[in-house]
Structures are given as structure tokens and as C-alpha cells.
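Chemist: Before anything else, here's the structure in question.
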Ligand code: IMP
Ligand code: MG
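Now the structure itself:
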């Protein structure tokens with residue numbers, strides 16, 4: 002099936018307004034702590050870049066990338082790192098910045114992998130939460146927007162590596 006860009010779901014202005022709120026909450030909650038922000042490539046890169054520039058507290062930043070699994074591979078849902086963090090997490094306050102939590106498998110696995118290094122705390126900040134699709138329960142300490150069960154692109158999120166550069170979030174729709 003072919004797809005095309007559909008109607009906007011969340012505008013650029015709405016995204017930026019929510020990021021200001023999230024950054025204010027994080028700047029307060031992580032004051033006087035040892036914040037290490039971990040951006041999950043590639044989807045969270047644009048969200049991460051806007052979010053951390055709004056923080057008013059010191060932080061360090063690093064990147065990880067996770068193997069993805071196709072929708073057909075329900076048996077194997079323990080994605081591994083394709084890029085692990087380059088800094089030691091022991092005793093750090095780790096904030097994972099994600100683009101979207103869908104089934105939850107990726108973030109559950111990522112939390113397990115990061116916990117192996119004994120951080121002081123781990124929390125998740127996800128731009129989007131497709132809560133209806135959840136297969137495994139997992140806390141999302143900071144959430145930008147809860148969205149319905151539709152495929153979205155833009156603002157870092159892709160379909161076949163396209164649309165990541167858009168400033169807003171849009172639905173993807175079939176092109177007949
Ligand atoms: P989960 O393990 O099912 O929670 O998968 C989360 C990952 O699936 C995200 O990091 C995205 O890479 C991808 N994903 C899930 N839903 C969407 C969507 O609507 N648009 C783009 N990517 C998505
Ligand atoms: Mg992702």
C-alpha cells in the first residue's frame with residue numbers, strides 16, 4: 002500500500018507550548034540532582050533538541066539507539082542496543098527521552114538495559130503515548146500528548162525514514 006501525509010494532528014505551536022511545560026516541570030523536579038538525559042535515536046532527536054534547550058538546570062546528554070522489530074515478529078520483542086550509551090550511568094539520575102510509546106516493549110527493554118548500570122533513578126519523558134496499543138505496562142513519568150491509535154509522522158517520527166523534518170505531527174493515510 003502507498004501512503005501520503007494526512008491532516009495535522011498536533012500543530013507546531015501546540016508541541017512547543019507543551020515542551021515549555023515539560024521543561025519547566027523537569028527543571029523543577031531535577032533541580033540539585035545529577036541529570037543525564039538520554040535521547041533515543043532517531044525518532045526522539047527533534048523533541049530532545051527542543052526540550053533540553055528549554056531546561057534551566059545543568060544536565061549531560063547522550064544517545065542510544067535500539068533495534069526495532071517489525072509488526073509481524075510478535076515472538077521476538079526484546080530489542081537490543083544498536084548504539085549503547087557512551088557514559089557511565091551508575092548513580093546518575095537518568096531521563097530517557099522517547100518519541101512515542103506504542104506497545105511498550107521498546108521502553109520496557111530499554112529500562113531493563115539501563116538498570117544494569119545501577120543508575121540512581123530512571124524516568125521516561127515521551128512526546129507521545131498511544132495508550133490504547135499498550136501490551137506491557139510501563140510508567141511514563143512525563144508525557145507530552147496521549148494520542149489515539151493512528152500512525153503519526155513528523156517532528157522526528159518517520160514512515161520509511163520520511164517526514165522526520167516536519168515541525169508538526171500529522172496522520173499518515175493511504176494514498177489510493
Ligand atoms: P513500542 O515498542 O511498540 O512501544 O514501539 C515504539 C516505537 O515504534 C517508537 O519508538 C517508534 O519508532 C515506533 N512507532 C510506533 N508508533 C508509531 C507511529 O505512529 N509513528 C511512527 N513511529 C511509530
Ligand atoms: Mg523510537
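In our numbering, the protein residues as written are 2 to 177.
Ideal placement from N, C-alpha and C gives every residue a C-beta, glycine not left out.
The model shown is predicted, which means the values in this text are computed figures rather than measured ones.
Hey, would you say residue 94 sits closer than 8 Å to residue 36, going by beta carbons?
Modeler: Yes. Within cutoff.
Chemist: By a C-beta neighbour count over all protein chains shown, 10 Å radius and 16 as the cutoff for buried, is residue 129 buried or exposed?
Modeler: By the 10 Å Cβ count, residue 129 comes out buried.
Chemist: So, are the CB atoms of residue 153 and residue 10 less than 8 Å apart?
Modeler: Cβ atoms of residue 153 and residue 10: closer than 8 Å.
Chemist: I need the boundaries of the beta strand (DSSP E) containing residue 16, first residue and last residue.
Modeler: No beta strand (DSSP E) holds residue 16; the alpha helix (DSSP H) holding it covers 13–30.
Chemist: Note down, one range per segment and in chain order, each beta strand (DSSP E) of at least 3 residues found wholly within the region 44–107.
Modeler: Entirely contained in the region 44–107, the beta strand (DSSP E) runs reaching 3 residues are, in chain order, 61–67, 82–84 and 94–102.
Chemist: For residue 165, which of helix, strand or coil comes out of DSSP?
Modeler: In this structure, residue 165 counts as coil in the three-state DSSP scheme.
Chemist: Count the other C-beta atoms from every protein chain shown that fall within 10 angstroms of the C-beta of residue 45, then say buried if there are 16 or more, exposed otherwise.
Modeler: Result: buried.
Chemist: Taking 8 Å as the threshold (C-beta atoms), are residue 127 and residue 145 in contact?
Modeler: Yes, the Cβ-Cβ distance between residue 145 and residue 127 is below 8 Å.
Chemist: Flag residue 101 as yes when its Cβ comes closer than 7 Å to any non-hydrogen atom of ligand 1, and as no otherwise.
Modeler: Checking every heavy atom of ligand 1 against the Cβ of residue 101, one is found closer than 7 Å.
Chemist: Apart from the five residues just before and just after residue 119, which ones in its own chain have a Cβ nearer than 6 Å to its Cβ?
Modeler: Result list for residue 119: 91, in chain order.
Chemist: Less than 7 Å separating the Cβ of residue 64 from some heavy atom of ligand 1?
Modeler: No, ligand 1 has no heavy atom inside 7 Å of this Cβ.
Chemist: Less than 8 Å between the C-beta atoms of residue 86 and residue 39, yes or no?
Modeler: A contact, by the Cβ cut-off of 8 Å.
Chemist: At the level of alpha carbons, what is the spacing between residue 139 and residue 80?
Modeler: Answer to the nearest angstrom: the Cα atoms are 16 Å apart.
Chemist: Does ligand 1 have even one heavy atom less than 7 Å from the beta-carbon of residue 28?
Modeler: Not so, every heavy atom of ligand 1 lies at least 7 Å from the Cβ.
Chemist: Output yes or no for whether 8 Å exceeds the beta carbon distance between residue 97 and residue 111.
Modeler: Yes, they are a contact pair.
Chemist: If residue 135 and residue 104 are in contact, beta carbons under 8 Å, what's the gap, nearest whole angstrom?
Modeler: Contact holds; Cβ gap of about 6 Å.
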